[in-house]
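Participant: Handing you this structure, nothing more for now.
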Amino acid sequence: MDTIIEWFQRFSNGLSETESKALRTMVLVVILWLIQRVVTRSIIKLQGDLVLRYAWRKNANYTVYFVGIVGVTLVWANSFGDFATYLGLLSAGLAIAFQDPIVNMAGWYFILVQKPFKVGDRIQVEDQIGDVVDINLFQFSIVEVGNWVGDEQSTGRIIHIPNSKIFKAPLANYNEGLDYIWNEIQVLVTFESDWKKCKRVLQETLDEHAPKVSEHAKKELQSASGKYLIYYHKVTPIVYTKVEASGVLLTMRYLCEPKQRRSTTSYLWEKLLDQFNDPENGDMDFAYPTRRAVVTGDGVKRGIGDD
1 MDTIIEWFQR FSNGLSETES KALRTMVLVV ILWLIQRVVT RSIIKLQGDL
51 VLRYAWRKNA NYTVYFVGIV GVTLVWANSF GDFATYLGLL SAGLAIAFQD
101 PIVNMAGWYF ILVQKPFKVG DRIQVEDQIG DVVDINLFQF SIVEVGNWVG
151 DEQSTGRIIH IPNSKIFKAP LANYNEGLDY IWNEIQVLVT FESDWKKCKR
201 VLQETLDEHA PKVSEHAKKE LQSASGKYLI YYHKVTPIVY TKVEASGVLL
251 TMRYLCEPKQ RRSTTSYLWE KLLDQFNDPE NGDMDFAYPT RRAVVTGDGV
301 KRGIGDD
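Mapping to the numbering used here: the sequence shown position 178 is 178, numbers consecutive.
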């Protein structure tokens, strides 16, 4: 090691001050890069929580970046005036040539400081919906949900979105403020059905089988009210009634976690099907498209229509 240092000193003595500092900067960057690679590989090999390993890896990267900035500043500190002039001219040219990357870096800083979302949140940017799996200097990545897959289930694709998008497009966060979303299930029953009984059965199904999150949701709303003006008159499951052209529309409304929307919908539908298929509930029927025809005495069909 001493031999390498002596060789480096003899080699750098033959260089100008600027060339020597440029060489030291390059050596520093290479050393930090090697350290980052070793630390990252070590963290990846660790067993344990994936989220915790991700946080360690990101913190290690940020530490290396910080040490690198401080190290480069110290290397060039003695001739900072000349370096500042050179850096100013270089920055002006780079700002024009690399406008998008610079805006992406500003977006990265905004995400770290303001925290409009974090890893694990489900967000929507324009038409893209997904769960955030990574945030880096130039882009953030989401695992896509929805698209050709129903009820916002994962498609398996990873979408990379430039950080600059947060300045240009609306951002929806499914987890910010309240960790739950409202989900609705619409049940259309015939006019001939006992709609009051149907509504009662739907309400009982919700009360018994919907996620029990009302109390926790109230606490989260109280906490979120310090930052946002969020207020719900009712956070418990409820059934609403509306008359449609072909029957009575009963809408079940309840709170659930964003990633449980499809599973809760499926589970509640299974319970409803059991109720509607129960022989004791013969006065409860689903409405569906039908075609009616009136046959007169002469055998001619009149009044044909769709319901």
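Yeah, the Cβ is synthetic: ideal placement off N, Cα and C, and Gly gets one too. Computed from a predicted structure; not experimentally measured.
#1: For residue 182, count neighbouring Cβ atoms within 10 angstroms of its own Cβ and tell me buried if that reaches 16, exposed if not.
#2: Drop a sphere of 10 angstroms on the beta-carbon of residue 130, count the other beta-carbons inside from all chains shown, and report buried for 16 or more, exposed for fewer.
#3: So if DSSP puts residue 126 in a beta bridge, which residue, or which two residues, is it bridged to?
#4: Grab me the residues of residue 329's own chain with a C-beta within less than 7 Å of its C-beta, minus the 5 sequence neighbours each way, in chain order.
#5: What number of angstroms, rounded off, separates the C-alpha of residue 285 from the C-alpha of residue 203?
#6: Under three-state DSSP, which class holds residue 287?
#7: Among 134, 150 and 151, which residue has its Cα nearest to the Cα of residue 143?
#8: Identify the continuous alpha helix (DSSP H) that holds residue 269 and give its terminal residues.
#9: Look at the alpha carbon of residue 152 and the alpha carbon of residue 208, and state the distance between them as a whole number of angstroms.
#10: Taking only the alpha-carbon atoms, compute the straight-line gap between residue 290 and residue 270 and give it to the nearest angstrom.
#11: Whole angstroms is fine: what's the gap from residue 214's alpha carbon to residue 273's?
#12: Could you pull out every unbroken alpha helix (DSSP H) segment of at least 4 residues lying fully inside the segment 188-225, listed in chain order?
#13: Go ahead and label residue 211 buried or exposed: buried means 16 or more other beta carbons lie within 10 angstroms of its beta carbon, across all protein chains shown.
#14: Residue 205: buried (16+ other C-beta within 10 angstroms of its C-beta) or exposed?
#15: Note the first and the last residue of the continuous alpha helix (DSSP H) segment covering residue 109.
#16: Closer than 6 Å by C-beta to residue 39: which residues in its own chain qualify, once you throw out the five before and the five after it? Chain order, please.
#17: At the level of alpha carbons, what is the spacing between residue 282 and residue 198?
#18: Which same chain residues end up closer than 7 Å to residue 110 when comparing Cβ atoms and leaving out the 5 residues on each side of it in sequence?
#19: Just to confirm, does residue 191 get its C-beta within under 6 Å of one of the non-hydrogen atoms of the ligand SAH?
#20: Could you give the distance in angstroms between the alpha-carbon of residue 196 and the alpha-carbon of residue 265?
#21: Roughly how far, in whole angstroms, is the beta-carbon of residue 112 from the beta-carbon of residue 71, given that I think they are within contact range, below 8 Å?
#22: Return the bridge partner residues of residue 173 from the DSSP annotation.
#23: In whole angstroms, give me the CA-to-CA distance for residue 128 and residue 122.
#24: Figure out for me which residue from 179, 119 and 150 has the closest Cα to the Cα of residue 139.
#25: Tell me whether residue 237 is buried or exposed, calling it buried when 16 or more other Cβ atoms sit within 10 Å of its Cβ.
#26: By Cβ distance below 7 Å, which residues in the same chain neighbour residue 169 in space, the five residues on each side in sequence not counted?
Facilitator: Put simply:
#1: Residue 182 should be labelled exposed.
#2: Answer is buried; the Cβ neighbour count reaches 16.
#3: None; residue 126 has no bridge partner.
#4: Not covered by the structure: residue 329. The range shown for the chain is 1 to 307.
#5: Between the C-alpha atoms of residue 285 and residue 203 there is a straight-line separation of about 16 Å.
#6: Residue 287: coil per DSSP, three-state reduction.
#7: Minimum Cα-Cα distance from residue 143 among the listed residues 134, 150 and 151 corresponds to 134.
#8: Annotation for residue 269: the continuous alpha helix (DSSP H) segment containing it runs 261-276.
#9: Between residue 152 and residue 208, the C-alpha separation is close to 25 Å.
#10: Rounded to the nearest angstrom, the two C-alpha atoms are 24 Å apart.
#11: Rounded to the nearest angstrom, the two C-alpha atoms are 25 Å apart.
#12: Those alpha helix (DSSP H) runs which fall completely within the segment 188-225 and span 4+ residues are 195-209 and 214-224.
#13: By the neighbour-count criterion, in which a residue is buried when 16 or more other Cβ atoms sit within 10 angstroms of its Cβ, residue 211 is buried.
#14: Residue 205 counts as buried, since no fewer than 16 other beta carbons sit within 10 angstroms of its beta carbon.
#15: Residue 109 -> alpha helix (DSSP H) spans 99-114.
#16: Taken in chain order, the residues that qualify are 60.
#17: Cα to Cα, residue 282 sits roughly 11 Å from residue 198.
#18: Answer for residue 110: 166, listed in chain order.
#19: Absence of the ligand SAH from the depicted structure is noted, as is the absence of any ligand whatsoever, leaving it without description.
#20: Between residue 196 and residue 265, the C-alpha separation is close to 22 Å.
#21: Going by Cβ atoms, the distance from residue 112 to residue 71 rounds to 21 Å, so no, they are not a contact pair.
#22: Partner(s): 123.
#23: If you draw a straight line from the Cα of residue 128 to the Cα of residue 122, it comes to about 11 Å.
#24: Nearest to residue 139 by alpha-carbon distance, out of 179, 119 and 150, is 119.
#25: Buried, by the Cβ-count rule.
#26: So the list reads 125 and 126, once near-sequence residues are dropped.
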